[in-house]
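S.K.:
Residue numbers (our numbering): 6 to 177.
1. On the three-state DSSP scale, how would you describe residue 125?
2. List the residues that DSSP assigns as beta-bridge partners of residue 37.
3. Hey, quick one: how far does the alpha helix (DSSP H) through residue 172 stretch, first residue to last?
4. Quick one: is residue 18 buried, meaning 16 or more other Cβ sit within 10 Å of its Cβ, or exposed?
5. How should residue 65 be labelled, buried or exposed, when 16 other C-beta atoms within 10 angstroms of its C-beta is the threshold for buried?
6. Between the C-alpha atoms of residue 50 and residue 57, what's the straight-line distance to the nearest angstrom?
7. Report the option in 100, 75, 47 whose CA atom is closest to the CA atom of residue 159.
8. For residue 13, which option in 54, 21, 78 has the closest C-alpha, if you only look at C-alpha atoms?
9. Please confirm whether residue 205 and residue 129 have their CB atoms less than 7 Å apart.
10. Within the present structure, is the beta-carbon of residue 73 separated from the nearest heavy atom of the ligand NAP by less than 6 Å?
11. Along the alpha helix (DSSP H) that carries residue 79, what are the first and last residues, could you check?
12. Closest by CA to residue 54, which one among 93, 22, 43, 83?
13. Pull up the distance between the alpha-carbon of residue 39 and that of residue 68, whole angstroms please.
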């Protein structure tokens, strides 16, 4: 069985800790070697809502890309993402990178464009995978973050999963 390294972006602006914890637990059911970046609070981009908690997860999967994406949609749905009466975004999980794939895969464009546009994706990605090269640009995520000119304010926040503090104290 061959495993593919994936990077996922997670975010929530409703009952943020509850939904993000639930998302991580669901992911732990079918992903291996899950590692989480620090968690950041950010203002919403593109929608009117309260602030988000965002972070990036690195893990390995034996699932094909489209099956992984399908499972992520089920996790989002289980957390109320598609409920008709929802008042925000309970849980958002996006595939940022799937191995080194570049291109359009049944409408899923990889690497995800938000990596280079949003500080709440690029900063956590640069922390969890500083030396990994962006498959489309060829520069490391640490370099991309150091060169980024993104006008978004992020605040590291304390966040615990399975008894482990995800945000290092030096960032708090």
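Glycine included, C-beta positions come from ideal geometry on N, C-alpha and C.
M.R.: This is what the structure gives:
1. Counted from its first residue, the chain shown places residue 125 at position 120. In this structure, residue 125 counts as helix in the three-state DSSP scheme.
2. Start at 1 with the first residue of the chain shown, and residue 37 comes out as number 32. The partner list for residue 37 (beta bridge, DSSP) reads 65.
3. The count along the chain shown starts at 1 and reaches residue 172 at position 167. From DSSP, residue 172 is part of no alpha helix (DSSP H); its letter is neither H nor E.
4. Sequence index remark: in the chain shown, residue 18 carries index 13 (1-based). Residue 18 is buried by the Cβ-count criterion.
5. Here residue 65 is taken as the residue at index 60 of the chain shown, counted from 1. Looking at its Cβ environment, which holds fewer than 16 other Cβ atoms inside 10 Å, residue 65 is exposed.
6. Numbered from its first residue, the chain shown carries residue 50 at position 45. Numbered from its first residue, the chain shown carries residue 57 at position 52. Their Cα atoms are separated by approximately 10 Å.
7. Position 154 of the chain shown, counting from 1, holds the residue named residue 159. It is 47 whose Cα lies nearest to the Cα of residue 159.
8. Here residue 13 is taken as the residue at index 8 of the chain shown, counted from 1. Cα-wise, what sits closest to residue 13 is 78.
9. Here the chain has residues from 6 to 177 only, and residue 205 is not among them.
10. The model on display carries no ligand, and the ligand NAP is accordingly not part of it.
11. Position 74 of the chain shown holds residue 79. 70 to 83 is the extent of the alpha helix (DSSP H) around residue 79.
12. For the purposes of this step, residue 54 is taken as the residue at position 49 of the chain shown. The shortest C-alpha separation from residue 54 is found at 93.
13. Looking up residue 39 in the chain shown gives position 34. Looking up residue 68 in the chain shown gives position 63. Each residue's Cα considered, the two are about 15 Å apart.
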